[in-house]
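Position 343 (the sequence shown) corresponds to 1178 in the working numbering; numbering is contiguous.
Everything on this sheet refers to the single structure shown next.
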Amino acid sequence: MDESGEKFGEHNPLKDSTISNWQSIPADLLYVITDLCLAAKRDFDPKLLMQVCRHWNSVLMSMESLWCKILVAHPTVYANQRRMSEFEICHTPAELQKALDRTTGEIIELTCRFDSSEWAGTAGTDSSSNTPQGLIDVIRTSNSSLRIRRLRIDSDSSRLMERIDFDSLEFPALEEAILVMSSSGLTKRIQVTSPRLRYLRLYEDTNINLNWDLSKMTAPFTLELIGNNEAIHERFHLRKILSSIHHIVHLTLRTIRVFDGDYLTLPTLQILELVDTRLEFNLDLPSLIRLHLRESSIRTSESHPFVPPSLKTLELSNLEVENLLHIHVESLETLEFFAFHDDDMLFIRMFIEQMVKPGYVRPRKLRFQYITINSSLLTSILHEVPDLVELFIGECELGVQFFEAFAGCSLPAGPDSSQQQPILPSLQTFKLRIHHNQPASQAESDMINWLTWTVEARSKAGYPVKAALRATFDGGWIPVGSHHHSGMAT
836 MDESGEKFGE
846 HNPLKDSTIS
856 NWQSIPADLL
866 YVITDLCLAA
876 KRDFDPKLLM
886 QVCRHWNSVL
896 MSMESLWCKI
906 LVAHPTVYAN
916 QRRMSEFEIC
926 HTPAELQKAL
936 DRTTGEIIEL
946 TCRFDSSEWA
956 GTAGTDSSSN
966 TPQGLIDVIR
976 TSNSSLRIRR
986 LRIDSDSSRL
996 MERIDFDSLE
1006 FPALEEAILV
1016 MSSSGLTKRI
1026 QVTSPRLRYL
1036 RLYEDTNINL
1046 NWDLSKMTAP
1056 FTLELIGNNE
1066 AIHERFHLRK
1076 ILSSIHHIVH
1086 LTLRTIRVFD
1096 GDYLTLPTLQ
1106 ILELVDTRLE
1116 FNLDLPSLIR
1126 LHLRESSIRT
1136 SESHPFVPPS
1146 LKTLELSNLE
1156 VENLLHIHVE
1166 SLETLEFFAF
1176 HDDDMLFIRM
1186 FIEQMVKPGY
1196 VRPRKLRFQY
1206 ITINSSLLTS
1216 ILHEVPDLVE
1226 LFIGECELGV
1236 QFFEAFAGCS
1246 LPAGPDSSQQ
1256 QPILPSLQTF
1266 KLRIHHNQPA
1276 SQAESDMINW
1286 LTWTVEARSK
1296 AGYPVKAALR
1306 ATFDGGWIPV
1316 GSHHHSGMAT
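Here you go:
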């Protein structure tokens, strides 16, 4: 028998093969065979290959990458499966114990799925049967938590999680943690002392509260907090959490409302992403280089405007455009607008005008995606950023007026066309992505022809630009210009 307790050769499809000596296959080749089997079938169980002979069993047992990711779930989840992608699936404490015994080094990832609908009717505190408590006890008694690098615990029931005893579980090697639960206070009962921790994601309803000592961490840290869209000034301890992390570089907040009149300084933060989030307190982010706002807002007091001095990239998506006027940017390089309507574009123009006033660095890259805008207004906005070197427009309907302004002449450009200086004279790259179906609509065909004529007209006038077209159905960028004109409209 092999170490999993199964007989060699049982149900072995290779038993009658003409190859006489399976042990002659080198370990490196056996690794390749196993990887190919896993790539061909997500639920392939490597223990099938371990039944071929003792040599294969020994080699694959020593292949740490096969056993270092474990998924713990109820027997009804992935029933009759032993593998799912890179994960070994364990349904019972006995299976989990065997999986932990197979990996002698670090456990790259342990995921525990404790959903109430799956574990309904089980006694969560009974460690002698197949329950969440029984599975956690296996981890405790084997000291396996000392070897875990990435931990994920999923649950939709605070009642279930509160009945599980996590005492004496420590994670000194932990690098990443994802805790998904329902106001269970799990962060109060799991102790993380690892100075290697660099990523933490918390899903909660309202009571996100982190009492881990994160002051000893030295690695750049990423934190993602997901709330439930309530005003949680007192119950959501955002200030306490952020103040305890000395090297935070990336912060993502989703579905959170925080109202606080105090001042918050995060000197190391480089990336801030807000999704469906409202922050109303004074922020000082001297190292911030990228800000993403999606259906979100940042409001500060008039005496402390939000002015991130190092910001290079600003991404704005589907938000109340009035909120743009609360952001003052002095050194922006890349500006992106996603999912705005025609009525919003006047505010966007005001925002751009605010950024290009004397003393400010004008943006060098501009991106528009899913924007409803008329060509006249778009042209007037682009006049405000003459130093632009890169322009991307995706899924926006553009009329001939835009292309004529871009070319500096009427289209189609003939040999006697009157040439003026086009907009964006410094532009080096222009990418246009369209909703392109087969066959192409007339509007899409027109845009393809207009873009081609535009590139040729700019080149003749001494304002060359590298242009490319991408139709969403094929995923590839097609160069546009005098050498690529043939067939572009089809």
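Ideal Cβ placement from N, Cα and C applies to all residues, glycine included.
Please read these numbers as outputs of a predicted model, since none were measured by experiment.
To the nearest angstrom, how far is it from the Cα of residue i to the Cα of residue j?
i	j	result
Arg937	Ser893	11 Å
Pro861	Leu883	18 Å
Ile905	Ser1280	52 Å
Pro1151	Arg1129	The question names Pro, but residue 1151 in the sequence shown is Leu. Cα-Cα distance, rounded: 6 Å.
Phe1241	Arg1089	39 Å
Leu1170	Ile974	48 Å
His909	Cys925	8 Å
Trp954	Thr911	9 Å
Ile868	Arg917	19 Å
Met898	Leu945	18 Å
Pro1006	Ser1029	According to the sequence as given, residue 1006 is Phe; it is not Pro. In a straight line, the C-alpha of Phe1006 is about 6 Å away from that of Ser1029.
Leu1107	Leu1060	12 Å
Tyr1038	Gly1062	6 Å
Asp863	Glu1010	29 Å
Look up residue i in the DSSP assignment and say whether it is helix, strand or coil.
i	result
Arg1314	According to the sequence shown, residue 1314 is Pro rather than Arg. Residue state, collapsed to three classes: strand.
Lys1051	coil
Asp1000	coil
Asp989	strand
Asn1327	An answer regarding residue 1327 cannot be provided, because it is not within the stretch 836 to 1325 covered by the chain.
Val1093	strand
Arg1074	helix
Gln1255	coil
Ile1124	coil
His890	helix
Ser1152	strand
Arg975	helix
Asp1119	strand
Glu1168	coil
Lys1266	strand
Leu1101	coil
Thr1087	strand
Lys1295	helix
Leu1032	coil
Glu1011	strand
Thr1219	Residue 1219 is actually Glu in this sequence, not Thr. Coil, per DSSP.
Glu1279	helix
Phe1186	helix
How far does the beta strand (DSSP E) with residue i in it reach, from first residue to last?
i	result
Tyr866	Taken as a continuous stretch (DSSP letters only), Tyr866 belongs to no beta strand (DSSP E), being part of the alpha helix (DSSP H) at Ala862 to Ala875.
Ala1240	Element bounds for Ala1240: not the beta strand (DSSP E) but the alpha helix (DSSP H), Val1235 to Ala1242.
Lys904	Lys904 to Val907
Ser1136	Element bounds for Ser1136: n/a, residue is neither H nor E.
Gln1204	Lys1200 to Ile1206
Leu1058	Phe1056 to Ile1061
Glu1108	Ile1106 to Val1110
Leu901	Premise fails: Leu901 is in no beta strand (DSSP E) and is neither H nor E.
Ile1228	Glu1225 to Gly1229
Ser1304	It is worth fixing the name first, because residue 1304 is Leu in this sequence and not Ser. Here the beta strand (DSSP E) through Leu1304 covers Lys1301 to Ala1306.
How is the alpha helix (DSSP H) around residue i delimited, first residue to last?
i	result
Glu997	Ser993 to Glu997
Ser882	The question names Ser, but residue 882 in the sequence shown is Lys. That run of the alpha helix (DSSP H) goes Lys882 to Met885.
For residue i, which residues of its own chain have a beta-carbon under 6 Å away from its beta-carbon, when the five flanking residues on both sides are left out?
i	result
Glu941	Arg982 and Arg984
Ile1228	Phe1203 and Leu1267
Asp1119	Thr1100
Leu865	Val894
Glu921	Lys904
His1176	Thr1207
Ile988	Cys947 and Leu1014
Mind checking whether the beta-carbon of residue i lies closer than 7 Å to any heavy atom of the ligand SAH?
i	result
Ser1261	As presented, the structure is devoid of all ligands, the ligand SAH included, so that no description of it is given.
Counting only the same chain and skipping the five closest in sequence on each side, list residues whose C-beta sits under 8 Å from that of residue i.
i	result
Lys1147	Ile1124, Arg1125, Ser1166, Leu1167, Glu1168 and Thr1169
Leu931	Ile905, Val907, Cys925, Leu970, Val973 and Ile974
Keeping to the same chain, check which residues put their C-beta closer than 7 Å to that of residue i; ignore five residues upstream and five downstream.
i	result
Pro1121	Pro1102, Pro1144 and Ser1145
Pro1055	Arg1033, His1082 and Val1084
Ser1131	Leu1109, Val1110, Asp1111, Thr1112, Arg1113 and Leu1154
Leu1073	Val1093
* Go through the region 909-957 residue by residue and report every complete run of the beta strand (DSSP E) that reaches 3 residues or more, in order. => 922-925 and 944-948
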